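Q:
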Amino acid sequence: MLMPSSVADLSTSEALVSSLAGLGATTPGHKDTTWTKLFVGGLPYHTTDKSLREHFSVFGDIEEAVVITDRQTGKSRGYGFRLEENFIA
15 MLMPSSVADL STSEALVSSL AGLGATTPGH KDTTWTKLFV GGLPYHTTDK SLREHFSVFG
75 DIEEAVVITD RQTGKSRGYG FRLEENFIA
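Here the working numbering is used: position 6 in the sequence shown is 20, and no number is missing along the way.
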């Protein structure tokens with residue numbers, strides 16, 4: 015696997031994590047969601063944004079919960095994302 019020399023030379027997990035944090039750099043006006051956006055797969059097709067948010071709200075504050083839907087039918091595609099409001103490492 016080819017890796018940039020700056021990543022290949024890292025010897026600690028902390029250095030790797032800090033170097034990966036730069037990969038999530040965003041343009042002005044956009045929030046960096048590298049460490050706060052979680053993919054949620056295998057959802058039942060009846061799952062809604064509201065039910066996804068309610069399910070994960072027991073684990074902390076949720077900024078956004080979105081179930082991905084088919085553009086033509088509007089039906090769930092079986093996966094979504096949840097965005098944490100505050101990430102604590």
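Note that the Cβ used here is the ideal one computed from N, Cα and C, for glycine as well.
Everything numeric in this text was worked out from a predicted model, so none of it was measured.
Do T61 and V80 have their C-beta atoms closer together than 8 angstroms?
A: For this step, residue 61 is matched to residue 47 along the sequence shown. For this step, residue 80 is matched to residue 66 along the sequence shown. Taking 8 angstroms as the Cβ cut-off, T61 and V80 do not qualify as a contacting pair.
Q: Which of the three DSSP states, helix, strand or coil, is assigned to R67?
A: Within the sequence shown, the letter at position 53 stands for residue 67. Helix at R67.
Q: Residues bridged to T83 by DSSP?
A: Position 69 of the sequence shown holds residue 83. Note: T83 sits in a beta bridge opposite S90.
Q: Here's a check: name, in chain order, each residue in its chain whose Cβ is nearer than 6 angstroms to the Cβ of L16, leaving out the five neighbours to either side.
A: Position 2 of the sequence shown holds residue 16. Any reading at L16 must be qualified, since the residue scores a pLDDT of 49, below 50, and its modelled position is unreliable; no value is offered.
Q: Buried or exposed: N71, going by 16 or more other Cβ atoms within 10 Å of its Cβ?
A: Position 57 of the sequence shown, counted from the first residue, corresponds to residue 71. One detail in the question is off: residue 71 reads as Ser in this sequence, not Asn. Flag for S71 reads exposed.
Q: Kindly list the residues whose CB is nearer than 6 angstroms to the CB of R67, restricted to its own chain and excluding five residues on each side of it in sequence; keep chain order.
A: What you label residue 67 is simply residue 53 of the sequence shown in a count that begins at 1. Only I76, A79 meet the Cβ criterion.
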